[in-house]
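Each remark here refers to the structure printed beneath this line.
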Amino acid sequence: MIGDRFGVVHQMTLDVVSPLQKAVTKAFGGFSDFSRDYIDLWSVRAENKRLRLLVDKYMNELGEYREAYRTYLHLQNLLEFKEKQEFNLLSARVIGKDPAYWFQTILVDRGKADDIEPGMVVLTPQGVVGQVIHVSEHYAKVLLANAPSSAIDAMVQKRRARGILKGAGEKGFVLNYVLKKTDVAEGDHIVTAGIGGVFAAGIPLGTVSAVREKERGMFLEIEVQPAVDFQKLEYVFIDPTDRQKILREMNLTVE
Amino acid sequence: MLTLCFFLLGVLLIVLETTLLHSFPSWLGRPDFIYILVAYTSYRFAWIPGLLLVFSLGWIMDVLSGIDLGIYPLEVLLVFISLKAMTTNNPLRESTYQIPLVGLSYFIVQLVRYILYLFTEPELLPEWSWGKLFAETGILLVATIPCFILLNALGEFLQKRKPQPRPLKRRT
């Protein structure tokens, strides 16, 4: 019995017992795998939750960075515009808007303390916003260029044809008094004509969106899409040149 | 106290209307909350405090957004006086008619304003749109219902908090 001979009985015993061992080991291994997987699943779930929170946080941060980047681009654009101007423009923040559907005025945070006077021109890099109408010590009210009461001497930039640009509320502008014989097409740029002394010449106002020729009358009916998006005004620039005063001193009238 | 609280509420509404309301999408509608408050004032307030409240709110609105100064206070005063006169000692005073009356008066005010401008300063007028006027009136009517409920609740709350006069002690 003692020796290194692994006889038939040994082999038979091994063959009988080993399958049991195998079965138990397999079963235990399966259970162990299952329990490990189960425990791992818990930790994966926890990890997943943590990662989801992290993703949410990063997405929020990404949104903030995107907004900050857009603000940066917008401000850079404004700064470039300001630096290009001959006169020192005064930047102002839009703090309030006319609540009416035909919204015609905005309020800005600059006033008499910043030498703002009624009649001063308000601009953005895109073009004319309007004119200051009422001023208090620290705030000013601006009549938007697309208000129906607004009228600006304008011209079709390419053809040099002049007319009066009237505000038409949500529709933008209508360019009046342009003769039928004038060649005006959709997409033509409209700029200030510089007549009347209120606006300097060449400031963008918009682009022609429709041209109609009426049977009667000698003028064209021209619709103009404003260059400025009046609904999205956040910052504007006020031209501190008191043109009205200059004109008064020169004994010239202002329209 | 009641008038002062409603004045402060009106100021808050004006500030919200001129700032936050513009950032909401236009399909949500932008009801004229000040008009609703003016109508509510005409139904619930006595003549003198009502006139004071309505005038001061109209004046603030005028300062913040008016082009021709004075139009807005005049308009709200006329609305207040008309609604007040119509509902005093009249079956229209009943709450069933109050909300439709707000819509109807708003519609008429817009129409009258347009006609007045048409004869006085036609160059100030934007293009007329019946659809827009009906939509505005509808939005105002829808907004009036919850607003009146809230304003009523606030009014009752403030009335309850009003300090009651102490009864005189009898001398023994």
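Heads up: the protein sequence lines correspond to chains B and V, in order. Numbering of the first sequence is given in the working numbering, commencing with residue 156 and proceeding in unit increments. Numbering of the second sequence is given in the working numbering, commencing with residue 3 and proceeding in unit increments. Even glycine gets a Cβ: it sits at the ideal position worked out from N, Cα and C. The structure displayed is predicted, hence computed values, not measured ones.
Any C-beta of chain B under 8 Å from that of residue i
i, result
"V:E77", "no"
"V:S44", "no"
"V:L23", "yes"
"V:M69", "The sequence given here places Ile at residue 69 of chain V; Met does not occur at that position. For V:I69, the answer is yes, since a Cβ of chain B falls inside 8 Å of its Cβ."
"V:T146", "no"
Proximity of residue i and residue j at Cβ, strictly below 8 Å
i, j, result
"B:I358", "B:G282", "yes"
"B:F385", "B:G361", "no"
"B:Y390", "B:R221", "no"
"B:I144", "B:A300", "Since the first and last residues shown for chain B are 156 and 410, residue 144 of chain B lies out of range."
"V:V65", "V:V111", "no"
"V:T20", "B:P254", "yes"
"V:Y108", "V:T89", "no"
"B:P395", "B:N243", "yes"
"B:L334", "B:F392", "no"
"V:L15", "V:L39", "yes"
"B:I377", "B:V353", "no"
"V:V104", "V:A48", "no"
"B:Y224", "B:D264", "no"
Residue-level contact to chain V via CB, residue i, 8 Å cutoff
i, result
"B:L298", "yes"
"B:V409", "Residue placement at B:V409 is poorly supported in this model, since its pLDDT is 48, which falls under 50; the coordinates still yield a value, given next. So, not an interface residue."
"B:L244", "no"
"B:L233", "no"
"B:I271", "no"
"B:I288", "yes"
"B:Y390", "no"
Listed by chain order, chain B residues near residue i by CB distance under 9 Å
i, result
"V:R163", "By Cβ distance, chain B contributes nothing, its closest Cβ being about 31 Å from V:R163, past 9 Å."
"V:L66", "G251, D253, P254, T260, L262 and K296"
Chain V residues whose Cβ lies nearer than 9 Å to that of residue i
i, result
"B:K369", "Residues of chain V passing the Cβ test: none, with the nearest at roughly 17 Å."
Chain-ordered chain B contacts of residue i [CB-CB under 8 Å]
i, result
"V:T20", "G251, K252, D253, P254 and L262"
Residue i Cβ short of 7 Å to the ligand MG heavy atom set
i, result
"B:T347", "Looking at this structure, you won't find the ligand MG or any other ligand, since it has none at all."
>> When you compare the region 311-320 of chain B with the region 13-32 of chain V, are there three or more beta-carbon pairs, one atom per stretch, that lie closer than 8 Å?
In response: Between the region 311-320 of chain B and the region 13-32 of chain V, the count of Cβ pairs shorter than 8 Å is below three; the stretches do not touch.
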